[in-house]
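Comments concern the structure below.
Residue numbers (my numbering): 588 to 1010.
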C-alpha cells in the first residue's frame, strides 16, 4: 500500500492526455500531485481532436497495431504492453464513457465528443487530489534544481521529488504545444532530434513539364478544399518501403492534405529530405483494373468531346477531370493510351511538407536513447518525459492518442516507483 501519511510530491508539466495520464497514475500510487500548464485550461488539443468525432484508438490487433510506429515500434510496443487500445477502452468505460468500433476499425466514444470525457477525467483527477495550476509556463530549472514557472503574477519556483514533462511537440502552437522546451532539455543533457511535421499536408511542385509550381489559378479557384474520393495513393520511401492505400484526401491551395496523405506523410517527408521531392501516383479508379479502363477510354466516342466521353464511360468529371488537365498537356490528354495510364497512375510531385505549426503532430523530440525504460532522463534522475515530446510518430487513426496515453502510464508509474524507492 502507498504511504499516504507523508506522500512524496510530484509535479507534472503539461495538461494534454500524456500529462493527465501521468498525473492519474501518480495520484493512484498515493503521491501528492501538482499539474502545471501554460494555457488557461487543460486538454485543448484533445478537445480540438474531438470536433470531428474523437478517435480514441483503433481496434486493429497487435502486433499489426505496433507496426504503425515505424522504426520505433519495438519501443512503443513496450508502452502498449502496459496500456494498449483495449486497456484504453476499459479506462474510458470506467469513466462512464461507452465506446464503439466504426466501419474503419477506429474506436470512438458513443457520443463522438471529447468534452464529456475530459470533464469526467478532470473530475476524477480532482477527486484523487490532483491540484491544477493554469497559466504557468515552465522556464527550465534554477541553479538549485527548482522548476522556474512564469504566471500572470510573475515568476515563481516549485520543487518536487519527481517531475513528469509532457509538453507536447510543436504542432498547433496556439493550443499550447510550441516546442519552446527543446533548448531546455538539450541543456539538461537530453538528446533532442529536430521537430518535424508529421501527419501533414504537402506543397506541390510543377504538375507537368513546363508548368510552374503548384496548381493553376483556375484549379485552385474551383477545387481547393474539395475531397478526392475514392482514390488510391502509392509512393515509395527512401528505404524502398512501399505505400499503397485507398482512401481520400483534400486539394489545398498549395497541394494536398487529408487522411490518406497523412498516412503516407512520414515516408513522403523522408523522401523529400533525401531527394528534394517525392513522387506519388493516384489511381482515380481504384475499383477498376487497368485493362478495363483502357478499353473504356479507347471506346469510339464519335463527335463527343473527350471530357464528355470520360464522364459517360467512366464517371470522371469535376475534380478528377481537373486533375487530369493539371498533369497532362493537350496532346497527352487526347492520346487514349496515355490518358488511360494516367487515370490509373496520375503523378504528383510533392516538394515540401507544410510547416510544423500546421501539422497534426510532430516527429522528433527527446530521443529514447536519452531515457531509461521508465522514460526517466539518464542525465537528470527524477525527471521523466512523456507524450509527443518523445521522438516517435504514428499515423492518425487512434494510434497517436493511444501511444501518448501509454507513455503517460509508463512515465507516471516510473515516477511513482522512483519516489517509492526514496522512502
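Backbone N, C-alpha and C fix where the C-beta goes; we use that ideal spot for every residue, glycine too.
**Report entry** Cα-Cα separation, residue 794 to residue 766
**Finding:** If you number the chain shown from 1, residue 794 lands on position 207. If you number the chain shown from 1, residue 766 lands on position 179. One C-alpha to the other measures close to 34 Å.
**Report entry** Where residue 588 falls: helix, strand or coil (DSSP)
**Finding:** If you number the chain shown from 1, residue 588 lands on position 1. Annotation note: pLDDT 41 at residue 588 (below 50); position unreliable, coordinate value reported separately. Here residue 588 sits in coil by DSSP.
Query raised in the report: Got a sec? Which residues, its chain only, sit under 7 Å from residue 588 by beta carbon, not counting five neighbours each side?
Result: Position 1 of the chain shown, counted from the first residue, corresponds to residue 588. Residue placement at residue 588 cannot be trusted, given a pLDDT of 41 that sits under 50; the coordinates are not used to answer.
Requested in this report: Measure the C-alpha to C-alpha separation of residue 944 and residue 788 and round it to an integer number of angstroms.
Outcome: Numbered from its first residue, the chain shown carries residue 944 at position 357. Numbered from its first residue, the chain shown carries residue 788 at position 201. Approximately 11 Å between the Cα atoms of the pair.
Requested in this report: Can you have a look at residue 687 and say buried or exposed, based on whether 16 or more other CB atoms are within 10 angstroms of its CB?
Outcome: For this step, residue 687 is matched to residue 100 along the chain shown. Residue burial is scored here from C-beta neighbours: residue 687 has fewer than 16 other C-beta atoms within 10 angstroms and is therefore classed as exposed.
Query raised in the report: Going straight from the alpha carbon of residue 640 to that of residue 964, what length do you get?
Result: For the purposes of this step, residue 640 is taken as residue 53 along the chain shown, with counting starting at 1. For the purposes of this step, residue 964 is taken as residue 377 along the chain shown, with counting starting at 1. If you take the alpha carbons of residue 640 and residue 964, they lie about 35 Å apart.
Requested in this report: Kindly indicate which three-state DSSP category residue 744 falls into: helix, strand or coil?
Outcome: Sequence index remark: in the chain shown, residue 744 carries index 157 (1-based). In this structure, residue 744 counts as strand in the three-state DSSP scheme.
Query raised in the report: What beta strand (DSSP E) runs, 3 residues minimum, are completely inside the region 697-764?
Result: If we require 3 residues or more, the beta strand (DSSP E) runs fully inside the region 697-764 come out as 718-720, 724-728, 734-738, 741-745, 749-752.
Query raised in the report: Could you give the uninterrupted runs of the alpha helix (DSSP H) lying entirely in the region 826-879, keeping only those of 4 residues or more?
Result: If one requires a minimum length of 4 residues, the alpha helix (DSSP H) runs lying completely within the region 826-879 are 846-850, 852-862, in chain order.
**Report entry** Sequence-distant residues of its chain with Cβ nearer than 7 Å to residue 683 (five each side left out)
**Finding:** Within the chain shown, the letter at position 96 stands for residue 683. Closer than 7 Å at Cβ, skipping near neighbours: 707.
Report task. Verify whether the separation of the beta carbon atoms of residue 727 and residue 806 is less than 8 Å. Result -> Within the chain shown, numbered from 1, the residue matching residue 727 stands at position 140. Within the chain shown, numbered from 1, the residue matching residue 806 stands at position 219. For residue 727 and residue 806, no; Cβs fall outside 8 Å.
Query raised in the report: What's the C-alpha gap between residue 653 and residue 850?
Result: Working through the chain shown from its first residue, we reach residue 653 at position 66. Working through the chain shown from its first residue, we reach residue 850 at position 263. Going from the Cα of residue 653 to the Cα of residue 850 covers about 15 Å.
Report task. Have a look at residue 624 and residue 725 and give me their C-alpha separation to the nearest angstrom. Result -> Walking along the chain shown from the start, residue 624 turns up at place 37. Walking along the chain shown from the start, residue 725 turns up at place 138. Cα to Cα, residue 624 sits roughly 8 Å from residue 725.
Report task. Give the range of the alpha helix (DSSP H) segment to which residue 966 is assigned. Result -> By one-based count along the chain shown, residue 966 stands at place 379. Careful: residue 966 lies outside any alpha helix (DSSP H) and carries neither H nor E.
Report task. Leaving aside the five residues before and after residue 826 along the sequence, list all residues of the same chain whose C-beta is less than 7 Å from its C-beta, in chain order. Result -> Translated into the one-based positions of the chain shown, residue 826 becomes position 239. Excluding positions up to five away in sequence, the list is empty.
Requested in this report: Find the nearest neighbour of residue 753 within the set 1005, 984, 970, judged by alpha-carbon distance.
Outcome: Residue mapping note: residue 753 aligns to position 166 of the chain shown, counting from 1. Looking at the Cα atoms, 970 is the closest of the given residues.
**Report entry** residue 1005, DSSP secondary structure in three states
**Finding:** Counting from one through the chain shown, the residue named residue 1005 turns up at place 418. In this structure, residue 1005 counts as helix in the three-state DSSP scheme.
Query raised in the report: Alpha carbon to alpha carbon, how far is residue 947 from residue 890?
Result: Within the chain shown, the letter at position 360 stands for residue 947. Within the chain shown, the letter at position 303 stands for residue 890. Spanning the two alpha carbons is a distance of roughly 49 Å.
Report task. Would you check if the region 607-621 and the region 646-665 touch, i.e. whether three or more CB-CB distances between them fall below 8 Å? Result -> no
Requested in this report: Measure the CB-CB distance between residue 832 and residue 819 and report whether it falls below 8 Å.
Outcome: Taking the chain shown and counting its residues from 1, the one referred to as residue 832 is at position 245. Taking the chain shown and counting its residues from 1, the one referred to as residue 819 is at position 232. Contact flag set, yes.
Query raised in the report: Are residue 662 and residue 955 close, meaning C-beta to C-beta below 8 Å?
Result: Translated into the one-based positions of the chain shown, residue 662 becomes position 75. Translated into the one-based positions of the chain shown, residue 955 becomes position 368. In contact: residue 662 and residue 955 (Cβ atoms closer than 8 Å).
Requested in this report: Apply the 10 Å Cβ neighbour rule to residue 1008 and answer buried if 16 or more other Cβ atoms are within range, or exposed otherwise.
Outcome: One-based indexing of the chain shown puts residue 1008 at position 421. Exposed, since its Cβ has fewer than 16 Cβ neighbours within 10 Å.
Query raised in the report: Curious, which full-length alpha helix (DSSP H) runs of at least 4 residues does the region 630-705 contain?
Result: 631-636, 660-667, 672-681
Requested in this report: Pull up the distance between the alpha-carbon of residue 774 and that of residue 940, whole angstroms please.
Outcome: Your numbering for residue 774 matches position 187 in the chain shown. Your numbering for residue 940 matches position 353 in the chain shown. Straight-line Cα distance between these residues: approximately 29 Å.
Requested in this report: Could you tell me whether the region 925-936 touches the region 864-884, using the rule of 3 or more Cβ pairs below 8 Å?
Outcome: yes
**Report entry** Same chain, Cβ closer than 6 Å to residue 877, neighbours up to 5 away in sequence not counted
**Finding:** Here residue 877 refers to the residue found at position 290 when the chain shown is read from its first residue. Hits under 6 Å: 931.
Requested in this report: Could you give the DSSP three-state label for residue 951: helix, strand or coil?
Outcome: Position 364 of the chain shown, counted from the start, is the residue given in the question as residue 951. In the structure shown, residue 951 sits in a strand (DSSP, three-state: E or B).
Report task. Kindly give me the distance between the Cβ atoms of residue 972 and residue 953, rounded to whole angstroms, as I take these residues to be in contact under 8 Å. Result -> Residue mapping note: residue 972 aligns to position 385 of the chain shown, counting from 1. Residue mapping note: residue 953 aligns to position 366 of the chain shown, counting from 1. Yes, residue 972 and residue 953 are in contact; Cβ-Cβ is about 5 Å, under 8 Å.
Query - Beta carbon of residue 844 nearer than 8 Å to that of residue 815 - result: In the chain shown, the residue the question calls residue 844 occupies position 257. In the chain shown, the residue the question calls residue 815 occupies position 228. No. Outside cutoff.
Report task. For residue 622, name the three-state secondary structure that DSSP assigns. Result -> Position 35 of the chain shown, counting from 1, holds the residue named residue 622. Strand, per DSSP.
Query raised in the report: CB residue 978 to CB residue 951, shorter than 8 Å?
Result: As a working note, residue 978 is residue 391 in the chain shown. As a working note, residue 951 is residue 364 in the chain shown. Result yes, Cβ atoms of residue 978 and residue 951 sit closer than 8 Å.
Query raised in the report: Should the region 622-637 be called in touch with the region 713-723, which here means at least 3 C-beta pairs below 8 Å?
Result: yes
Query - Three-way DSSP call (helix, strand, coil) for residue 628 in this model - result: By one-based count along the chain shown, residue 628 stands at place 41. Judged by DSSP in its simplified three-state form, residue 628 adopts coil rather than helix or strand.
Query raised in the report: Taking Cβ to Cβ, would you say residue 913 is nearer than 8 Å to residue 803?
Result: In the chain shown, counting from the first residue as 1, residue 913 sits at position 326. In the chain shown, counting from the first residue as 1, residue 803 sits at position 216. Closer than 8 Å, so yes.
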